[in-house]
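The numbering used here numbers the first residue of the sequence shown as 2 and each following residue consecutively.
Even for Gly, the Cβ is constructed at its ideal location relative to N, Cα and C.
Shown next, in structure tokens, is the structure this report addresses.
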Amino acid sequence: MTDTAARTDGWTWRLRSAACTDKGPVRSANEDSHFRDDTLGLYLVADGLGGHAAGEVASNLAVDAFAGFVARSQADEDLTWPYGRAPTPSREENRLITAAKLAHRRVNAAASADQDKLAGMGTTLVAALVHKARITFCHAGDSRLYLLEKGETSLARLTVDDVVMIDGAKRPRTALTNAIGIGQFAGVHIGRHDARAEFTLMLCSDGLHGVVDDARLFEIVRGPDLEKVARDLVQAAIESGTRDNVTAVVVRVGGEP
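Structure (structure tokens):
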């Protein structure tokens, strides 16, 4: 677990985070990737798509490119924005949009350069950028961001899955309608939320939320020990019969005068 505190505007803001990931009981490799940096206030989960090792490559490349730009743009007002900077969204939203475009370009270029092994690879991605009580986030695919504010009795989901239902021979299933790195860039959903002075975020891949219901997620996320929370989330997915990789990143933010 990491822990960062900063004093601004007469308040002390403390960020703590923890993460856990597992390949799960069925998959031979873990194609999920994640990132957390309490100094940047940046948290990411990506779930790679593609055969053999391609999914792992895609998620790693996307996370590296995304986090790299957010780090470079943290304090550099003279930074060159490779896709320009839109006047309407906030600077933080622009940072996430640009980071997502760079991640898409990195994955797409790698797939094009190695058609034999990496053709068609891509990744979901969910990212949260936290500054004091403001959460700026983006996502593509079905990795999710949840919020638990102090005093609430349930989790709030801040993202909407990019999926469509397909009728199957045995049962309906879902298919992704958006991902990083595949085809023409469709963009990411962007959002912003001003939370209360104390809250917890949980970012996860569908290997978790696909098998563990919101009530159980809430019971785990509200726990006091973040390292244990992250481990328990992954263990809950495994015990619930997940057949996918599982990743959870949890972030707790508190502000005091």
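Counted within 10 angstroms of its Cβ, other Cβ atoms place residue 214 as buried (16 or more) or exposed: Position 213 of the sequence shown, counted from the start, is the residue given in the question as residue 214. Looking at its Cβ environment, which holds fewer than 16 other Cβ atoms inside 10 Å, residue 214 is exposed.
Residues near residue 56 in its chain [Cβ-Cβ closer than 6 Å; skip 5 each side]: Here residue 56 refers to the residue found at position 55 when the sequence shown is read from its first residue. Within the same chain, and ignoring the five residues on either side of residue 56 in sequence, the residues whose Cβ sits closer than 6 Å to its Cβ are 32, 49 and 50.
For residue 141 and residue 181, believed in contact at Cβ under 8 Å, the rounded distance: Here residue 181 refers to the residue found at position 180 when the sequence shown is read from its first residue. Here residue 141 refers to the residue found at position 140 when the sequence shown is read from its first residue. Yes, residue 181 and residue 141 are in contact; Cβ-Cβ is about 5 Å, under 8 Å.
The stretch 93–100 contacting the stretch 133–140, beta-carbon criterion three pairs below 8 Å: Flag = yes, the stretch 93–100 and the stretch 133–140 touch.
Straight-line gap, residue 231 to residue 94 (C-alpha atoms, nearest Å): On the sequence shown, position 230 is the one that residue 231 refers to. On the sequence shown, position 93 is the one that residue 94 refers to. Straight-line Cα distance between these residues: approximately 27 Å.
Residue of 149, 151 and 178 minimising C-alpha distance to residue 161: The count along the sequence shown starts at 1 and reaches residue 161 at position 160. Among 149, 151 and 178, the Cα nearest to that of residue 161 belongs to 178.
Simplified DSSP state of residue 108, which is helix, strand or coil: Taking the first residue of the sequence shown as 1, we reach residue 108 at position 107. Looking at residue 108 - three-state DSSP - the assignment turns out to be helix.
Where the alpha helix (DSSP H) through residue 69 begins and ends: As a first step, residue 69 must be located in the sequence shown, where it is residue number 68. Per DSSP, residue 69 belongs to the alpha helix (DSSP H) from 55–73.
Helix, strand or coil at residue 183 according to DSSP, with G and I counted as helix: Translated into positions along the sequence shown, residue 183 becomes position 182. In this structure, residue 183 counts as coil in the three-state DSSP scheme.
Three-state class that DSSP yields for residue 198 in the structure shown: Start at 1 with the first residue of the sequence shown, and residue 198 comes out as number 197. In the structure shown, residue 198 sits in coil (DSSP, three-state: anything other than H, G, I, E or B).
Counterpart residues of residue 147 in DSSP-defined beta bridges: As a first step, residue 147 is located in the sequence shown; it is residue number 146 there, counting from the start. Partner(s): 158 and 203.
Presumed contact (8 Å Cβ cut-off) between residue 30 and residue 54, rounded CB distance: Within the sequence shown, residue 30 is the residue found at index 29, counting from 1. Within the sequence shown, residue 54 is the residue found at index 53, counting from 1. At roughly 7 Å, the Cβ-Cβ gap stays under 8 Å, so residue 30 and residue 54 are in contact.
C-alpha gap between residue 205 and residue 149, whole angstroms: What you label residue 205 is simply residue 204 of the sequence shown in a count that begins at 1. What you label residue 149 is simply residue 148 of the sequence shown in a count that begins at 1. Whole-angstrom Cα-Cα distance: 14 Å.
Which of helix, strand or coil DSSP assigns to residue 253: One-based indexing of the sequence shown puts residue 253 at position 252. Residue state, collapsed to three classes: strand.
Residues of its chain near residue 158, where Cβ-Cβ distance is below 7 Å and the 5 sequence neighbours each way are ignored: Against the sequence shown, residue 158 aligns to sequence position 157. Setting aside the 5 residues that flank it on each side, residue 158 is surrounded in the same chain by 145 and 147, each with a C-beta closer than 7 Å to its C-beta; the list follows chain order.
Helix, strand or coil at residue 216 according to DSSP, with G and I counted as helix: Residue numbering aside, residue 216 sits at position 215 when the sequence shown is read from its first letter. In the structure shown, residue 216 sits in a helix (DSSP, three-state: H, G or I).
Distance between residue 218 and residue 249 (C-alpha atoms, nearest Å): Numbered from its first residue, the sequence shown carries residue 249 at position 248. Numbered from its first residue, the sequence shown carries residue 218 at position 217. Separation of residue 249 and residue 218 (C-alpha to C-alpha, rounded to the nearest whole angstrom) is 11 Å.
Residue 245 - DSSP class collapsed to helix/strand/coil: Taking the sequence shown and counting its residues from 1, one reaches residue 245 at position 244. In the three-state DSSP reduction, residue 245 falls in the coil class, being neither helix nor strand.
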